[in-house]
Amino acid sequence: MIGSIRTRTGVAAAALALSSAALLGACGSSAGSDPADAPATTGATSTTAVDTSETTSTPDTESTTTAAEGGEPTTTLSNEGVDSETTELDTLPDGDHYGYMAGLESGKVEGQDVQVIIWDEVEFLTGQEAIDAAAEDNVTLDTDYYIRNNNQTVRRLAVVPEASVTTLQEGSSGSRPSSVDEVWQQEHLFKINVGNVRDITTISSIDGVYLP
């Protein structure tokens, strides 16, 4: 069951194996730890059922994202699509991913309390890849990077309690320690590092990305 659901509208165009094993292993072992497949470009995502044992009543909610002018996602809430006893977390393949924070929820993974970010994945391209992608999209590129957000499906991803979190220093390219409670409200581009244990994706680090 999801509690303390928080969302932000108008989001601007923002070790793991040990950490995940520690989080998930506390509730018993299970066979299988293959990385999840990448989501299809149609917007569909692979999901994993997550046990939530809380019994307090909370309205069922679901976050959806629509494109605003300029390609910025806008997150809204509805009262459909979430079971009161279980919630579904989305999966991503192991490794680094770029995107923007669209909201924050509280939840449980195998009985453990976790924070769940609502994640809008993007392609962060540099060099020749950026030039080629911008040309394909008929975009005039005036930077050495290109952010493509063709698929604005949002994903719910669990953050391990001991995750490393940094954000950008004001007015500079430097970074400083931060927290999930702070960064989910920021419009920066972020890089997350994820891994999969028993087909559950968890985030071990979140870092603000400096864009000159």
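For what it's worth, the working numbering labels the leading residue of the sequence shown as 2, then goes sequentially.
Don't be surprised by glycine CBs; every beta carbon is placed ideally from N, CA and C.
Span separating the alpha-carbon of residue i from that of residue j
i, j, result
"residue 91", "residue 194", "15 Å"
"residue 117", "residue 148", "24 Å"
"residue 1", "residue 124", "Since the displayed the chain opens at 2 and closes at 213, residue 1 lies outside it and no answer follows."
"residue 211", "residue 199", "33 Å"
"residue 204", "residue 139", "34 Å"
"residue 222", "residue 94", "Nothing about residue 222 can be read from this structure; the chain reaches only from 2 to 213."
"residue 144", "residue 89", "38 Å"
"residue 170", "residue 183", "13 Å"
"residue 129", "residue 137", "12 Å"
"residue 185", "residue 202", "18 Å"
"residue 109", "residue 141", "44 Å"
"residue 159", "residue 197", "11 Å"
"residue 187", "residue 112", "29 Å"
"residue 107", "residue 163", "15 Å"
"residue 157", "residue 172", "30 Å"
Pick from the options that is closest to residue i, judged by C-alpha positions
i, options, result
"residue 97", "212, 211, 207", "207"
"residue 209", "167, 131, 110", "167"
"residue 121", "142, 161, 189", "189"
"residue 165", "157, 158, 177", "177"
"residue 153", "202, 213, 119", "119"
"residue 150", "126, 106, 107", "126"
"residue 174", "134, 112, 213, 106", "213"
Paired residues, beta bridge with residue i - DSSP
i, result
"residue 185", "Answer is none; residue 185 lacks a bridge partner."
"residue 194", "97, 206"
"residue 213", "Note: residue 213 sits in no beta bridge, so no partner."
"residue 177", "168"
Cβ distance (whole Å) where residue i is taken to contact residue j below 8 Å
i, j, result
"residue 192", "residue 101", "Going by Cβ atoms, the distance from residue 192 to residue 101 rounds to 11 Å, so no, they are not a contact pair."
"residue 155", "residue 103", "5 Å"
"residue 146", "residue 131", "5 Å"
Any non-hydrogen atom of the ligand FAD within 8 Å of residue i CB
i, result
"residue 206", "The model on display carries no ligand, and the ligand FAD is accordingly not part of it."
Beta strand (DSSP E) runs contained entirely in the stretch 84-163, provided each spans 3 or more residues: 87-91, 96-110, 113-127, 146-149
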